[in-house]
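In our numbering, the protein residues as written are -9 to 238.
Structure below.
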């Protein structure tokens, strides 16, 4: 079923201090131990991941409606790449939103342009601010196999085992790409890193059935199995759920 354009939108905004967070991200990435030059880092795509909590189940329609209103403005911002929203099952009701921007500068500009707007105020009024989780990441890898919209959206935020370098984790991830590319129902996936050392692996699945079938098989494959041995499962969180909409 074709989802109306409005229903495929989601908010690109986090909190009113988003510009500050983006600026910190710029400075930390530019000055990281990997020696990434400031100009180079500033052109990398960035990801904003937001987990919102509704006061109760009956507030969910209001939260989604206000997210969509925010999206109408976000779509017009320079550097907007794509955004995905998903309903995270469980109690309390949570919504996962991940928005990609072409650069840190674009994220900063969007934050400043939207700060204090009616759409942003309406969205913030519909959630519990004390439970909001926001993280920012810089893109290191991206693989797209299909342009279709996902039926299931998954974001895994993790740390690697102590002593694992960035290069070692990326080498193992790259070695797993042949397995990911053959995975039935994977529309695409990407790898991101934050200055804090947290990683984000984003996967767009065609359906929950594909996730259940292919996900288990991937864990047993040589490439993906080798990569996940780098991960610290004591510092590992998976956010996933039925996709509410995608906008590009």
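Beta carbons: idealized from backbone N, C-alpha and C, even for Gly. Bear in mind the structure is a predicted one, so any value in this text is a computation, not a measurement.
Label residue i either buried or exposed according to how many other C-beta atoms from any shown protein chain fall within 10 Å of its C-beta, with 16 as the threshold for buried.
i	result
residue 120	exposed
residue 179	buried
residue 38	buried
residue 104	buried
residue 173	buried
residue 90	buried
residue 33	exposed
residue 224	exposed
residue 230	buried
residue 84	buried
residue 35	buried
Using the Cα positions of residue i and residue j, report the straight-line distance between them to the nearest angstrom.
i	j	result
residue 217	residue 205	14 angstroms
residue 222	residue 188	11 angstroms
residue 42	residue 71	21 angstroms
residue 138	residue 144	15 angstroms
residue 157	residue 220	12 angstroms
residue 62	residue 92	18 angstroms
Would you mind giving the Cβ-Cβ distance between residue i and residue j, rounded to the nearest angstrom? I have them listed as a contact below 8 angstroms.
i	j	result
residue 45	residue 118	6 angstroms
residue 100	residue 59	The pair is not a contact, with the Cβ atoms about 15 angstroms apart (cut-off 8 angstroms).
Do we get a CB-CB distance below 8 angstroms when we pair residue i with the residues of chain B?
i	result
residue 63	Structure shown: chain B not included; a single protein chain is present.
Identify the residues that DSSP records as bridge partners of residue i: which are they?
i	result
residue 73	89 and 237
residue 227	147
residue 221	150
Along the chain, which unbroken stretches of the beta strand (DSSP E) at least 3 residues long are found entirely within the stretch 140 to 188? 142 to 150 and 176 to 183
Entirely enclosed beta strand (DSSP E) segments - the stretch 106 to 140, minimum 3 residues: 123 to 134
Completely contained beta strand (DSSP E) runs for the stretch 29 to 55, where each covers 3 or more residues: 36 to 43
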